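Sequential numbering from 19 applies to the sequence shown in this note's numbering. Yeah, the Cβ is synthetic: ideal placement off N, Cα and C, and Gly gets one too. Model, not experiment: these values are computed from the prediction.
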Amino acid sequence: MPDLLTIDRLRAGYGDAVVLPQVSLAVAEGEALALLGRNGMGKTTLIDSIIGVTRHRGGTIHLAGRDITPLRPEQRARAGIGWVPQERNIFKSLTVEENLTAVARPGAWTLPRIYELFPRLEERKANLGNQLSGGEQQMLAVARALVVNPRILLLDEPLEGLAPILVDELLAALRRIVRANGVAAIIVEQNAGKILTVCDRVAIIERGSIVYQASSSAVKDDPGILENHLAVTDTARAVRTDGWASLASARRLARAVIASGT
Ligand SMILES: Nc1ncnc2c1ncn2[C@@H]1O[C@H](COP(=O)(O)OP(=O)(O)OP(=O)(O)O)[C@@H](O)[C@H]1O
Ligand SMILES: [Mg+2]
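Shown next, in the form of structure tokens:
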């Protein structure tokens with residue numbers, strides 16, 4: 019498969035801070051890539067750089083052979099970059115259906131197909147954005163990115179903060195989007211185990227650099243890889259959601275931090 023998205027020696031950050039010193043990464047046509055990494059390692063910054071809202075300092079991004087580096091964010095969106103931000107920016111004062119029709123563009127992903135994928139959204143189509151649960155908002159955020167009919171979908175932690183049943187529902191939908199329909203995607207996740215069942219390939223980012231890439235099946239066969247690169251994240255998350263409730267998790271974090279040498 020030819021590359022759909024090619025990032026070549028991208029250097030970017032915010033203001034004076036260089037968060038990504040030099041990132042090279044490619045996603046093939048129809049491929050789903052899981053972008054993994056601990057907190058603060060640069061996952062969102064990389065996604066932000068692809069959509070074009072970081073400070074660009076060098077390198078290029080090509081989409082289907084076209085250099086999109088000089089394009090503004092809205093021009094990149096028109097060129098086919100679809101984006102679901104970490105903080106789900108749906109229109110809260112519009113209904114579910116209005117959220118979708120406001121941004122829809124012609125293509126394979128029509129409203130009926132979206133509703134087939136997310137029956138819950140069809141049930142809620144007359145509800146306002148602010149009347150939706152967190153899980154429904156996340157589904158709407160994904161649906162909104164899809165009705166634009168992008169060439170590649172960028173999802174930043176789509177499962178974050180969702181109840182387990184909704185995690186499974188959203189994962190099933192994502193699997194259908196990327197597996198059955200061949201939509202190319204980069205999915206940022208902390209929940210590495212779950213996302214491996216959706217994605218073809220894994221890239222791990224550490225301090226703004228891609229330090230590891232392999233097929234999902236290779237990673238499944240060698241779980242030590244994820245432990246080495248991501249162990250602190252999982253513990254830090256656990257501690258964060260526990261609100262430091264348990265001393266045991268605090269000890270786990272301390273051990274993980276010491277082990278990682280950070
Ligand atoms: N707007 C900003 N201005 C300056 N620095 C920023 C900004 N946003 C993020 N950073 C810094 O860039 C680094 C990477 O942050 P980023 O949000 O990309 O990490 P992340 O991997 O997405 O983390 P998380 O898992 O917490 O979402 C961090 O050191 C962070 O402090
Ligand atoms: Mg992030």
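Subject >> 4-residue-minimum alpha helix (DSSP H) runs that sit fully inside the segment 146-186, ordered along the chain >> reply: List check, alpha helix (DSSP H) in window: 152-165.
Subject >> beta-carbon E175 near ligand 2 non-hydrogen atom, thresh 8 Å >> reply: Here the question's residue 175 lines up with position 157 in the sequence shown. Yes - ligand 2 has a heavy atom lying nearer than 8 Å to the Cβ of E175.
Original post:
Can you find a heavy atom of ligand 3 that lies under 8 Å from the Cβ of V71?
Top reply: Among the ligands present in this structure, namely ligand 1 and ligand 2, ligand 3 is not found.
Original post:
Going by DSSP, which residues form a beta bridge with D240?
Top reply: Translated into positions along the sequence shown, residue 240 becomes position 222. Beta bridge pairing from DSSP links D240 with no other residue.
**OP:** Answer with buried or exposed for V206, where buried requires no fewer than 16 other C-beta atoms within 10 angstroms of its C-beta.
**Re:** By 1-based counting over the sequence shown, the position of residue 206 is 188. Buried is the label assigned to V206, since at least 16 other Cβ atoms lie within 10 Å of its Cβ.
Original post:
Per DSSP, A221 is paired with what?
Top reply: The residue given as residue 221 occupies position 203 in the sequence shown. DSSP output for A221 lists L53 and Q231 as bridge partner(s).
Original post:
For R29 versus H74, is the C-beta spacing smaller than 9 Å?
Top reply: Counted from its first residue, the sequence shown places residue 29 at position 11. Counted from its first residue, the sequence shown places residue 74 at position 56. Yes, they are a contact pair.
Original post:
If you drop the 5 nearest sequence neighbours on each side, which residues of the same chain put their C-beta closer than 7 Å to that of A163?
Top reply: For the purposes of this step, residue 163 is identified with residue 145 of the sequence shown, where counting begins at 1. Excluding the 5 residues flanking it on each side, A163 has same chain C-beta neighbours closer than 7 Å at G100, W101, V102 and L171, in chain order.
Original post:
What residues in its chain sit with their C-beta under 7 Å from that of S233, if we drop five residues either side in the sequence?
Top reply: Locating residue 233 in the sequence shown gives position 215, counting from the first residue. When the five nearest sequence neighbours on each side are left out, the beta carbons in the same chain lying within less than 7 Å of the beta carbon of S233 are those of D218 and R219, in order along the chain.
Original post:
When every heavy atom of ligand 1 is checked, does at least one fall within less than 8 Å of the C-beta of L64?
Top reply: What you label residue 64 is simply residue 46 of the sequence shown in a count that begins at 1. Yes, Cβ of L64 sits closer than 8 Å to a heavy atom of ligand 1.
Original post:
Where P20 and Q149 are concerned, what is the direct C-alpha to C-alpha distance, given to the nearest angstrom?
Top reply: Taking the sequence shown and counting its residues from 1, one reaches residue 20 at position 2. Taking the sequence shown and counting its residues from 1, one reaches residue 149 at position 131. Distance between P20 and Q149, taken at the CA atoms: about 42 Å.
Subject >> Segment contact, 8 Å Cβ cut-off, at least three pairs: the segment 155-162 with the segment 102-117 >> reply: Touching, per the Cβ criterion.
Original post:
Can you give the Cα-Cα distance for D240 and A202, rounded to whole angstroms?
Top reply: Here the question's residue 240 lines up with position 222 in the sequence shown. Here the question's residue 202 lines up with position 184 in the sequence shown. Using only the alpha carbons, I get a separation of about 25 Å.
Original post:
Between which two residues does the beta strand (DSSP E) carrying L28 extend?
Top reply: Taking the sequence shown and counting its residues from 1, the one referred to as residue 28 is at position 10. Segment D21 to Y32, the beta strand (DSSP E) holding L28.
Subject >> Whole-angstrom distance between S111 and L146, CA atom to CA atom >> reply: Taking the sequence shown and counting its residues from 1, one reaches residue 146 at position 128. Taking the sequence shown and counting its residues from 1, one reaches residue 111 at position 93. Straight-line Cα distance between these residues: approximately 6 Å.
**OP:** Just mark Q93 as buried or exposed, buried being the case when its beta carbon has 16 or more other beta carbons within 10 Å.
**Re:** For this step, residue 93 is matched to residue 75 along the sequence shown. That one is exposed.
**OP:** Give the single residue among I86, A126, I222 and S235 whose Cα lies nearest to the Cα of G200.
**Re:** Against the sequence shown, residue 200 aligns to sequence position 182. Nearest option by C-alpha distance: A126.
Subject >> DSSP beta-bridge partners of G100 >> reply: Position 82 of the sequence shown, counted from the start, is the residue given in the question as residue 100. According to DSSP, which records beta bridges pairwise, G100 is partnered with L171.
**OP:** Note the first and the last residue of the continuous alpha helix (DSSP H) segment covering T78.
**Re:** On the sequence shown, position 60 is the one that residue 78 refers to. Element bounds for T78: not the alpha helix (DSSP H) but the beta strand (DSSP E), R73 to L81.
Original post:
Quick one: what's L38 bridged to in DSSP?
Top reply: Indexing the sequence shown from 1 puts residue 38 at position 20. Bridge partners of L38: A30.
**OP:** Have a look at K143 and A46 and give me their C-alpha separation to the nearest angstrom.
**Re:** If you number the sequence shown from 1, residue 143 lands on position 125. If you number the sequence shown from 1, residue 46 lands on position 28. Looking at the two C-alpha atoms, the distance is approximately 34 Å.
Original post:
Which full runs of the alpha helix (DSSP H) of 4+ residues lie inside the segment 88-136, going along the chain?
Top reply: The segment 88-136 is shown to contain whole alpha helix (DSSP H) runs of 4 or more residues at 91-97, 114-119 and 129-135, in chain order.
Subject >> Pairwise C-alpha distance: E245 and N209 >> reply: Position 191 of the sequence shown, counting from 1, holds the residue named residue 209. Position 227 of the sequence shown, counting from 1, holds the residue named residue 245. Distance between the alpha carbons of N209 and E245 is about 12 Å.
**OP:** Report all residues from its chain with a CB closer than 7 Å to the CB of G179; omit the five preceding and five following residues, and keep chain order.
**Re:** As a first step, residue 179 must be located in the sequence shown, where it is residue number 161. Cβ contact annotation for G179 (same chain, cutoff 7 Å, sequence separation greater than five): G152, in chain order.
Original post:
So, is D252 buried or exposed, given that buried needs 16 or more other C-beta atoms within 10 angstroms?
Top reply: Position 234 of the sequence shown, counted from the start, is the residue given in the question as residue 252. Note that D252 has pLDDT 48, beneath the 50 cutoff, so the model's placement of it is unreliable and the number below is only indicative. Burial call: buried.
Original post:
Mapping DSSP to helix, strand and coil, what is I204?
Top reply: As a working note, residue 204 is residue 186 in the sequence shown. Note: I204 maps to strand in three-state DSSP.
Subject >> Same chain, Cβ closer than 8 Å to A120, neighbours up to 5 away in sequence not counted >> reply: By 1-based counting over the sequence shown, the position of residue 120 is 102. Contacts found: F109 and L112.
Original post:
Would L316 pass as a contact of T215 if the rule is Cβ separation under 9 Å?
Top reply: Coverage of the chain is limited to positions 19 through 280, which leaves residue 316 absent and any answer about it impossible.
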